[in-house]
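Beneath this line is the structure, given in structure tokens, with notes to follow.
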Amino acid sequence: MPYKTREELLSAFKGLALRYPRLVTYERIGYSTQNREILCFKIGPHWGGKVLWQACIHGREMINAEILWLYAKWLVEKKEPEAKRILTRNLTMIIPVLNIDNYNVTRKNANGVDLNRNFELGWCCGSRDPARWDYKGPATLSEKESQAFHSFVMRQRPVFFMDMHTGMPYILFKVSASAYGKPAEYGTRISKALALYKQIAGDRGQNPNEYIIKSLGPCGRAVCCSVNHGSHAFLWEFHPIERTIPNGPPYEEVEPVWFPKFLPMGIALSQACEVKPPTLQIMGLLSASGFLFLVALRNDLKKQRL
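Last residue of the sequence shown: 308 in this note's numbering, with the numbers rising by one and none dropped.
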């Protein structure tokens with residue numbers, strides 16, 4: 003079975019919204035250079051701890067879109083306790099394809115810009131040469147796709163953001179709190195999330211140290227944009243080969259081999275910012291107030307007897 007086309011992938015995500023309307027919604031966050039819709043799919047309650055996942059800011063890196071599709075499917079099918087927990091305590095947001103025009107075509111967008119060098123914080127780090135693979139564009143946020151992401155992050159302000167990539171072997175970049183002028187508590191929360199990931203990976207039979215963790219400073223990338231607006235962000239070089247039409251990981255390996263490597267991170271980031279359902283909190287308050295009411299009623303009855 004081949005990788006899904008752009009239309010097949012978006013249709014599959016929309017199909018989840020049709021089958022599970024109480025769990026899945028989606029919205030248009032903007033338009034691409036060629037005026038295609040850029041969609042974000044939301045799974046779970048609006049008040050839940052927000053985790054944003056993004057794939058295919060580089061159009062060739064298709065395995066990540068397939069992984070996020072499997073993750074969305076895993077969540078709504080609720081076959082594991084962890085999925086049920088995430089569904090009731092988190093708002094999972096997925097942008098499966100940011101570079102929608104050149105999905106399965108090329109790395110850069112339709113204007114020939116590397117979208118992951120086009121963001122405001124650290125924009126000077128990309129290349130000025132339009133012929134290079136890392137051409138940053140004529141100006142910061144010059145591209146419609148990066149503008150759409152920028153506006154969405156400013157509006158949603160997710161607690162955690164993961165930008166998924168391929169091309170470098172097994173590296174997970176975390177933001178450097180000091181490089182971004184963040185307080186120590188910011189870095190501590192990232193470290194706790196990574197420790198939880200390693201614990202869950204080990205418990206689920208995955209190598210918790212498979213991905214080398216490195217720090218990432220401002221460099222004009224999507225993670226820089228999200229950090230600039232309050233998120234705890236990561237860039238994950240999930241697979242060592244950029245997906246192109248003639249090569250890349252066989253599709254048959256995606257679900258049995260690569261999805262299990264991803265899932266511990268999905269669980270960890272969700273649990274690291276989960277919010278207990280308001281109904282449970284309200285029930286607790288009602289129980290306490292009900293107890294106090296009964297105590298007051300008993301005291302009133304005693305006074306009447308006297």
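Ideal Cβ placement from N, Cα and C applies to all residues, glycine included.
H48 counts as exposed, since fewer than 16 other C-beta atoms from the protein chains shown sit within 10 angstroms of its C-beta. As the crow flies, the alpha-carbon of F121 is around 22 Å from that of I192.
Linking W238 to R134 through their CA atoms gives a straight-line distance of about 22 Å. In this structure, C226 keeps its C-beta atom at 8 Å or more from the C-beta atom of L143. Partner residues in the beta bridge of D165, as assigned by DSSP, are Q56, L237. According to DSSP, Y172 shares a beta bridge with no other residue.
Minimum Cα-Cα distance from A112 among the listed residues S233, V78, P98, I59 corresponds to I59.
Taking a cut-off of 8 Å on C-beta distances, the stretch 257-274 does not touch the stretch 20-31, as fewer than three cross pairs fall below it. Taking 8 Å as the cut-off, the Cβ atoms of G222 and K86 do not count as close.
The shortest CA-to-CA distance from L89 to any of A74, V99, G183 is the one to A74. The residue from V177, V155, G114 with its alpha-carbon nearest to that of Q36 is G114. Cβ-Cβ distances below 6 Å link V161 to G51, K52, C275 in the same chain, with the five nearest sequence neighbours on each side left out; the list follows chain order.
Contact between Q56 and L100 holds, since their C-beta atoms are separated by about 6 Å, short of 8 Å.
An exposed status is given to A186, since fewer than 16 other beta-carbon atoms sit within 10 Å of its beta-carbon.
Out of A203, P220, N92, the CA that lies nearest to the CA of P280 is found in N92. In the three-state DSSP reduction, I215 falls in the strand class (E or B).
Runs of the beta strand (DSSP E) lying entirely within the stretch 75-146 and spanning at least 3 residues, in chain order: 92-97. Distance from the CA atom of D103 to the CA atom of R38, rounded to whole angstroms, is 7 Å. Burial state of R8 is buried, judged by a 10 Å Cβ sphere holding 16 or more other Cβ atoms. The Cβ atoms of H231 and I65 lie no closer than 8 Å to each other.
If you look at C227, you'll find it in the alpha helix (DSSP H) that goes 224-230. Between F175 and S233, the C-beta spacing is not below 8 Å.
Where Y28 is concerned, there is no enclosing alpha helix (DSSP H), although the beta strand (DSSP E) around it starts and stops at 26-33. Distance from the CA atom of Q208 to the CA atom of K263, rounded to whole angstroms, is 6 Å.
DSSP places E10 in the helix class (H, G or I) of the three-state scheme. The Cβ atoms of D165 and A224 sit closer than 8 Å to each other.
Cα atoms of A181 and P266: separation of roughly 27 Å, rounded to the nearest angstrom. K81 and S217 have their alpha carbons spaced roughly 35 Å apart.
Looking from the CA of M170, the closest CA among K16, S13, I214 belongs to I214. Under a 10 Å Cβ-count criterion, K278 is classified as exposed, with fewer than 16 other Cβ atoms of the shown protein chains found around its own Cβ. R119 places its beta carbon 8 Å or farther from that of D131. E39: member of the beta strand (DSSP E) spanning 39-45, first to last residue.
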